Structure formats: C-alpha cells, structure tokens
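Structure record follows, encoded as structure tokens.
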Amino acid sequence: MIDVYLLSGFLGSGKTSLLMNLISELKEIGRKPAVLMNEFGSISIDSDTVGQSQDVPLKELLNGCICCSGSEKTEAQLQGLLEEHDVDVILIETTGAAHPVEALDAVYSPLFAEKLRVKGIVTVADTKRWLERDKMSPQIRSLFMEQIRHAHIILANKTDLLTEGELATVSMELSNFNNTAPVIQTTKAQLSFSFIEETLGNIQNDEVKTVISGKHLPLTSKLLTFEKAVDKEEFEMWVRSLPDTVYRMKGYVPLKGAKNPYLFQYAYGMVNWMPEYVKMEARLVIIGEGVSQLKYQ
Ligand SMILES: Nc1nc2c(ncn2[C@@H]2O[C@H](COP(=O)(O)OP(=O)(O)OP(=O)(O)O)[C@@H](O)[C@H]2O)c(=O)[nH]1
Numbered sequence: 013m014i015d016v017y018l019l020s021g022f023l024g025s026g027k028t029s030l031l032m033n034l035i036s037e038l039k040e041i042g043r044k045p046a047v048l049m050n051e052f053g054s055i056s057i058d059s060d061t062v063g064q065s066q067d068v069p070l071k072e073l074l075n076g077c078i079c080c081s082g083s084e085k086t087e088a089q090l091q092g093l094l095e096e097h098d099v100d101v102i103l104i105e106t107t108g109a110a111h112p113v114e115a116l117d118a119v120y121s122p123l124f125a126e127k128l129r130v131k132g133i134v135t136v137a138d139t140k141r142w143l144e145r146d147k148m149s150p151q152i153r154s155l156f157m158e159q160i161r162h163a164h165i166i167l168a169n170k171t172d173l174l175t176e177g178e179l180a181t182v183s184m185e186l187s188n189f190n191n192t193a194p195v196i197q198t199t200k201a202q203l204s205f206s207f208i209e210e211t212l213g214n215i216q217n218d219e220v221k222t223v224i225s226g227k228h229l230p231l232t233s234k235l236l237t238f239e240k241a242v243d244k245e246e247f248e249m250w251v252r253s254l255p256d257t258v259y260r261m262k263g264y265v266p267l268k269g270a271k272n273p274y275l276f277q278y279a280y281g282m283v284n285w286m287p288e289y290v291k292m293e294a295r296l297v298i299i300g301e302g303v304s305q306l307k308y309q
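Heads up, the working numbering is the position in the sequence shown plus 12, with the first residue counted as 1.
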C-alpha cells in the first residue's frame with residue numbers, strides 16, 4: 013500500500029514550504045515520494061518551483077481544485093503517477109481554495125482501494141491570518157476554519173510574525189477549535205515527516221467526513237503578464253494599493269536591472285522576492301475575491 017498524505021491550508025499559509033521540507037526528508041531517508049499538486053488558476057507557479065528543485069515525480073491539476081475538477085481527472089493523474097513511477101508515498105498539495113474533505117473524497121476511488129491508503133490531513137494554519145480572521149468575508153472565513161477543523165495535525169505556522177502572547181492565544185484557540193489534532197508551532201512549516209507518520213499511524217479513515225461544500229466560493233484568479241521590466245518600488249506601491257480581498261499573488265516579475273524575472277510571492281500583506289537563475293516566463297497569478305478587473309499600471 014502507498015501512503016497518501018493530504019496537505020491542506022489556506023492560500024499562502026505555507027503548504028508548499030511544508031511540501032518541500034517533507035520531500036527533502038523523505039528522500040534523505042530513502043523513501044520514494046511523488047506529488048500531486050493543484051493550483052487555483054491556469055498556471056502553476058508552485059509546481060515549477062517544486063519540480064525544478066526537488067526532482068520528484070509530479071502531476072498537477074490546474075483550474076480549480078481537486079474537488080471541483082472532478083474526481084475522474086484526479087484518478088487519471090494518480091493512475092499515471094503509479095504506472096510511470098516507483099512511488100511509496102504520495103503527498104497531495106491542495107489549493108488553498110479547496111475543502112480538504114472533498115479533495116480527499118476524490119482520492120477514495122475504488123480504483124485505488126487496494127493501492128492507496130489515505131493517512132490523513134495535515135493543515136497549515138497561517139497564525140497571523142487566524143488572529144485577524146474576522147476581517148475575512150464569511151464564506152472565505154468558513155473555508156479557512158473548515159480546513160483547520162478537519163485537520164489531523166495542525167501546523168500553527170508563521171510563528172515568527174507573532175509576539176509570544178499572540179502565539180499562546182492562537183495555539184490555545186486552535187486547540188479548542190479542533191481538539192483532536194495536535195497543534196505544532198512552526199516557522200517556514202518545518203515539521204518532520206516522521207512526526208506526521210507516527211501521529212497519523214493510528215487514525216481511522218472513516219473519521220474523515222464531508223461537512224460543507226467548498227465549491228461555490230467567490231474566489232477568482234487573474235493572470236497578469238508583463239511586457240517590460242518594472243520598477244521594484246513602484247510595483248510594491250501598487251501591491252500595497254490593492255484591496256484586502258487579494259489573498260495571494262505569486263509569479264515571476266521582471267525587475268529593472270535584473271537578468272531574469274524574480275520569483276514574487278505575496279500572502280496577507282507580506283511580499284517576498286527571490287532571484288531566479290533560470291529565465292522563467294514573466295507572469296503573475298492573483299487570487300482573491302473580485303480580482304478579474306485588476307491590472308498593473
Ligand atoms: N514570515 C513567514 N513567512 C512564511 C512562513 N512560511 C511560509 N512563508 C512565506 O509565505 C509565502 C507563502 O508560502 P507557501 O509555502 O508558498 O504557501 P502555500 O500555502 O503553498 O500557498 P498557495 O499555494 O498559494 O496556497 C511565501 O512567501 C513563504 O516564503 C513563515 O513561517 N513565516
């Protein structure tokens with residue numbers, strides 16, 4: 013049997029960071045991980061990052077989430093992974109817009125009954141966002157909470173952005189909200205695979221039940237392309253001027269004076285730039301509510 017772990021969590025909470033950490037550890041201990049990844053939007057920035065740096069079998073589902081793209085597509089992707097590669101652990105990174113239980117439902121196909129064993133849901137919670145969850149619209153907040161409610165393990169991530177007092181409050185609130193999952197405080201989603209494996213060892217799959225639907229969320233994505241290099245400061249000013257309903261941006265932005273477009277990440281008011289050694293296509297995905305009209309300059 014191949015163990016399947018579902019990585020859940022809101023947009024920008026740290027799922028890809030967790031995925032990268034787990035893959036490195038799995039490879040170090042001689043396991044053979046594969047990744048099924050899905051992204052909200054029609055291009056996948058994360059799979060570029062993971063694929064390039066980790067050299068693991070990877071399949072991606074685009075345009076929506078595992079739950080909304082239909083389970084047949086997920087089945088086909090999984091089938092492909094299993095046929096083409098020698099795999100002993102599958103990590104599924106769901107889009108931040110997915111309801112974790114629905115995403116898991118798609119994996120419970122009779123096709124894989126003898127092959128795959130779903131071990132559980134690991135949810136990365138953005139602690140900063142948790143503290144300010146009242147600012148989210150009710151529907152989005154409900155998805156954010158559902159992802160935490162259904163977790164078998166919760167990472168209270170981004171602890172570096174909180175004071176000790178805030179951290180204590182968040183940990184207590186998360187434990188009260190989901191009192192069956194251990195809450196682990198992390199920075200950059202650093203949690204060991206062995207811990208996850210041991211913790212999830214005893215959980216029964218029928219503990220996972222569908223509660224609400226995440227299919228009709230008002231989230232949209234918008235793809236921006238760049239014809240010429242942009243000034244970093246002007247670009248950041250534009251980012252700061254965007255409405256609060258922009259939850260996540262990621263992509264490659266061509267900066268004046270730089271050889272290759274930079275990897276740009278935005279989550280909850282924080283921006284992050286990383287130089288790229290490869291020339292990636294300059295394009296940016298924006299995810300949020302009502303983002304279809306947004307444009308840069
Ligand atoms: N300050 C801080 N930033 C973090 C931490 N963990 C992740 N980040 C940053 O948050 C941003 C989003 O991280 P990802 O790991 O890509 O998050 P994700 O959940 O995969 O994002 P989506 O795929 O959009 O849902 C990146 O800029 C990370 O560097 C943390 O513990 N502290």
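In this text, a Cβ means the ideal position worked out from N, Cα and C, and glycines have one as well. This structure is a prediction, so every number in the text was calculated from the model and none was measured.
Helix, strand or coil, according to DSSP, for residue i in the structure here?
i: M286; result: strand
i: I196; result: strand
i: T28; result: helix
i: S233; result: strand
i: D138; result: strand
i: N191; result: coil
i: V182; result: helix
i: G213; result: coil
i: V99; result: coil
i: I298; result: strand
i: L203; result: coil
i: R260; result: strand
i: L267; result: strand
i: M148; result: coil
i: F276; result: strand
i: E40; result: helix
i: M49; result: strand
i: S20; result: strand
i: D15; result: strand
i: E87; result: helix
Any heavy atom of ligand 1 closer than 7 Å to the CB of residue i?
i: W148; result: Looking at the sequence shown, residue 148 is not Trp but Met. It does not: the Cβ of M148 is nowhere closer than 7 Å to a heavy atom of ligand 1.
i: S29; result: yes
i: K262; result: yes
i: G26; result: yes
i: A180; result: no
i: Q277; result: yes
i: A201; result: yes
i: M292; result: no
i: K234; result: no
i: G21; result: yes
i: N33; result: no
i: L48; result: no
i: G108; result: yes
i: V136; result: yes
i: K71; result: no
i: K244; result: no
i: L173; result: yes
i: N284; result: yes
i: N272; result: no
Our contact map puts residue i next to residue j with C-beta atoms below 8 Å; I'd like the distance itself, whole angstroms only.
i: K262; j: F247; result: Not quite, the Cβ-Cβ distance comes to about 14 Å (not below 8 Å), so this is no contact.
i: T175; j: E105; result: So it is not a contact: roughly 30 Å between Cβ atoms.
i: R260; j: I299; result: 4 Å
i: S187; j: V195; result: 5 Å
i: L173; j: K234; result: Not confirmed; about 26 Å, so no contact.
i: I208; j: I165; result: 6 Å
i: Y274; j: V265; result: 6 Å
i: P69; j: E40; result: Their Cβ separation, rounded to whole angstroms, is 17 Å, which puts P69 and E40 out of contact at 8 Å.
i: E301; j: T257; result: 4 Å
i: L30; j: L167; result: 7 Å
i: T211; j: T171; result: Actually they are not in contact, since the Cβ atoms of T211 and T171 sit about 19 Å apart, beyond 8 Å.
Mind checking if residue i is an interface residue toward chain C, Cβ cutoff 8 Å exclusive?
i: G21; result: Of the protein chains in the structure, only one exists, and it is not chain C.
With respect to 7 Å, is the separation between the Cβ of residue i and the closest non-hydrogen atom of ligand 2 below this value?
i: I133; result: Ligands present in the displayed structure are limited to ligand 1, and ligand 2 is not among them.
- Item | contact_flag[the region 86-103, the region 39-49] where n(CB pairs < 8 Å) is 3 or more | yes
- Should the region 134-149 be regarded as contacting the region 13-27, the criterion being three or more beta carbon pairs within less than 8 Å? yes
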